[in-house]
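Order-wise, the sequence lines are chains R and B.
Here the first sequence stands for residues 2 to 185, where the numbers follow this note's numbering.
Here the second sequence stands for residues 2 to 185, where the numbers follow this note's numbering.
Ideal Cβ positions, reconstructed from N, Cα and C, are used throughout, including at glycine.
Here's the structure, in structure tokens; my notes come after.
Number of protein chains: 2
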Amino acid sequence: MALGMDYAQQDCSLARALEVVGERWSMLIVRDAFYGVRRFNDFLAHLNIPRAVLTGRLRSLVAAGVLDKEPYQQSPVRYGYNLTSAGRELWLPIYALARWGERHASEGGARTVFSHATCGTRLDIVGSCPTCGVLVAPQDVMMRPGPGAVSEMRQDPVSRALGRPHRLLEPIEQLIEPTTEPVG
Amino acid sequence: MALGMDYAQQDCSLARALEVVGERWSMLIVRDAFYGVRRFNDFLAHLNIPRAVLTGRLRSLVAAGVLDKEPYQQSPVRYGYNLTSAGRELWLPIYALARWGERHASEGGARTVFSHATCGTRLDIVGSCPTCGVLVAPQDVMMRPGPGAVSEMRQDPVSRALGRPHRLLEPIEQLIEPTTEPVG
Numbered sequence: 002m003a004l005g006m007d008y009a010q011q012d013c014s015l016a017r018a019l020e021v022v023g024e025r026w027s028m029l030i031v032r033d034a035f036y037g038v039r040r041f042n043d044f045l046a047h048l049n050i051p052r053a054v055l056t057g058r059l060r061s062l063v064a065a066g067v068l069d070k071e072p073y074q075q076s077p078v079r080y081g082y083n084l085t086s087a088g089r090e091l092w093l094p095i096y097a098l099a100r101w102g103e104r105h106a107s108e109g110g111a112r113t114v115f116s117h118a119t120c121g122t123r124l125d126i127v128g129s130c131p132t133c134g135v136l137v138a139p140q141d142v143m144m145r146p147g148p149g150a151v152s153e154m155r156q157d158p159v160s161r162a163l164g165r166p167h168r169l170l171e172p173i174e175q176l177i178e179p180t181t182e183p184v185g
Numbered sequence: 002m003a004l005g006m007d008y009a010q011q012d013c014s015l016a017r018a019l020e021v022v023g024e025r026w027s028m029l030i031v032r033d034a035f036y037g038v039r040r041f042n043d044f045l046a047h048l049n050i051p052r053a054v055l056t057g058r059l060r061s062l063v064a065a066g067v068l069d070k071e072p073y074q075q076s077p078v079r080y081g082y083n084l085t086s087a088g089r090e091l092w093l094p095i096y097a098l099a100r101w102g103e104r105h106a107s108e109g110g111a112r113t114v115f116s117h118a119t120c121g122t123r124l125d126i127v128g129s130c131p132t133c134g135v136l137v138a139p140q141d142v143m144m145r146p147g148p149g150a151v152s153e154m155r156q157d158p159v160s161r162a163l164g165r166p167h168r169l170l171e172p173i174e175q176l177i178e179p180t181t182e183p184v185g
């Protein structure tokens, strides 16, 4: 019996959600979109997966209404991917799962710290601001490297850009340093 | 390039969490454990997956410290699986993802409604009780079929037992009706 792509006999909202974001790499693509990654080549550089896998996952996420695809450049045309309003609501489960991973599956403390951009308070376990008493929308969340970040781990331009404090959903293009191509 | 089982280059708590619960079916096994499923054959009946897949996933979840395995019967020995304290903390991400699936990937409304056992109020989007103002621990959550439940979809004894209102983590064994074997 093969393991298919859906969970047809599971009459359950969790199974439906996993059909959208449960495929390998899909949730990390959505995470990167929250972090401000929008361009195909930037996803490719940061995720380091085969082009065909990335293409397939992006197509599925667009078809499911999680991402929107729109051109950011003409001649040659290049497409960027942005979270839809439904996609942005994945912030809560992704944040909750990351906090679980931080507590139970990681060593050395938080890789990334998420705080309320308005007041600087670190978000609580469900993504609320304990100071302001509000559930913080992703565009009001500031991300920065935490004590457990392994800064030497990845040195590609996208990883370096993502390591700078910035708001979620803020496009990282302007944070990416120009690549210095060796002359040879 | 093969898609491996881990996300070694992703220095991220979400990637670590997905290495634990991101494999196909793993999160639905954890969901069933919250719903009170404990015995191998009950997982098998409800998930309807190959035995070898279930065996492998349960073993991984035990190794990762999400489930504990302990005998519930001697001669022949039979094992049951219970969520550890780390496993029980997966309630928040699983609940958040299910609510997302309910809003954006399901039709016909909530399959399952989760409420605070103490006061009967339906949980809010992050799993808190709006009446009592507390984040509700899973053992204090009551589950019952919602307006979108497809009651005729599954008629195996485990599905029927799970369709009765009960608290999360309450073992469903006593809710399962004895199977009437046809005499022939």
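Where residue i sits in the DSSP three-state scheme
i: B:ARG104; result: helix
i: R:GLU178; result: coil
i: R:ALA3; result: Only weak support is given to the placement of R:ALA3: the predicted model assigns it a pLDDT of 43, under 50, and the value that follows is read from those uncertain coordinates. Coil, per DSSP.
i: B:ARG25; result: coil
i: B:ARG155; result: coil
i: R:LEU136; result: strand
i: B:SER186; result: The question about residue 186 of chain B has no answer, for chain B in this structure spans 2 to 185.
i: B:ARG39; result: coil
i: B:PRO172; result: coil
i: B:GLY109; result: coil
i: B:GLY185; result: Because B:GLY185 sits at a pLDDT of 48, beneath the cut-off of 50, its placement in the model cannot be relied upon, and the following sentence gives the value as read from the coordinates. Here B:GLY185 sits in coil by DSSP.
i: R:GLU20; result: helix
i: B:ALA150; result: coil
i: B:LEU91; result: coil
i: R:ILE30; result: helix
i: R:TYR96; result: helix
According to DSSP, residues forming a beta bridge with residue i
i: R:ASP69; result: R:ASN83
i: R:MET144; result: R:PHE115, R:HIS167
i: B:CYS13; result: According to DSSP, which records beta bridges pairwise, B:CYS13 is partnered with nothing at all.
i: B:CYS130; result: B:VAL135
i: R:ARG123; result: R:SER116
Integer-rounded CB distance, given that residue j should sit under 8 Å from residue i
i: R:ARG58; j: R:ILE30; result: 6 Å
i: R:ARG17; j: B:SER107; result: 5 Å
i: R:PRO158; j: R:MET143; result: Actually they are not in contact, since the Cβ atoms of R:PRO158 and R:MET143 sit about 21 Å apart, beyond 8 Å.
i: R:TYR36; j: R:LEU163; result: 5 Å
i: R:VAL127; j: B:GLY128; result: 7 Å
i: B:TRP92; j: B:PRO139; result: 4 Å
i: B:ALA111; j: R:SER14; result: 7 Å
i: B:ARG155; j: R:GLN10; result: 7 Å
i: R:ALA97; j: B:ALA97; result: 5 Å
i: R:LEU68; j: R:THR56; result: So it is not a contact: roughly 13 Å between Cβ atoms.
i: R:PHE44; j: R:ASP33; result: 6 Å
beta-carbon residue i near the ligand SAH non-hydrogen atom, thresh 7 Å
i: R:ARG161; result: This structure does not include the ligand SAH; it has no bound ligands of any sort.
Cβ-based contacts, 8 Å cut-off: residues of the region 111-127 of chain B near chain R: The residues in question are ALA111, ARG112, THR113, ILE126, VAL127.
Residues of the region 7-38 of chain R in Cβ contact with chain B at a cutoff of 9 Å, in chain order, please. Within the region 7-38 of chain R, TYR8, GLN10, GLN11, ASP12, CYS13, SER14, LEU15, ALA16, ARG17, ALA18, LEU19, GLU20, VAL21, VAL22, GLY23, GLU24, ARG25, TRP26, MET28, LEU29, ARG32 place their CB atoms closer than 9 Å to a CB of chain B, listed in sequence order.
Listed in chain order, which residues of the region 156-167 of chain B have Cβ atoms closer than 9 Å to some Cβ of chain R? Legend: CB atoms of the region 156-167 of chain B lying less than 9 Å from CB atoms of chain R belong to residues SER160.
Positions along the region 73-95 of chain R whose CB lies within less than 8 Å of some CB in chain B: Hits within the stretch, in order: ALA87, GLU90, LEU91, LEU93, PRO94, ILE95.
Can you list, in chain order, the residues of the region 46-68 of chain B whose Cβ is nearer than 9 Å to any Cβ on chain R? Answer in chain order: HIS47, LEU48, ASN49, ILE50, PRO51, VAL54, ALA65, GLY66, VAL67.
Chain-ordered residues of the region 98-112 of chain R with a beta carbon less than 8 Å from chain B: Taking 8 Å as the cut-off between beta carbons, the residues of the region 98-112 of chain R near chain B are LEU98, ALA99, ARG100, TRP101, GLY102, GLU103, ARG104, HIS105, ALA106, SER107, ALA111, ARG112, in sequence order.
Cβ-based contacts, 8 Å cut-off: residues of the region 127-139 of chain B near chain R: Using a CB distance below 8 Å, the part of the region 127-139 of chain B facing chain R consists of VAL127, GLY128, SER129, LEU136, ordered along the chain.
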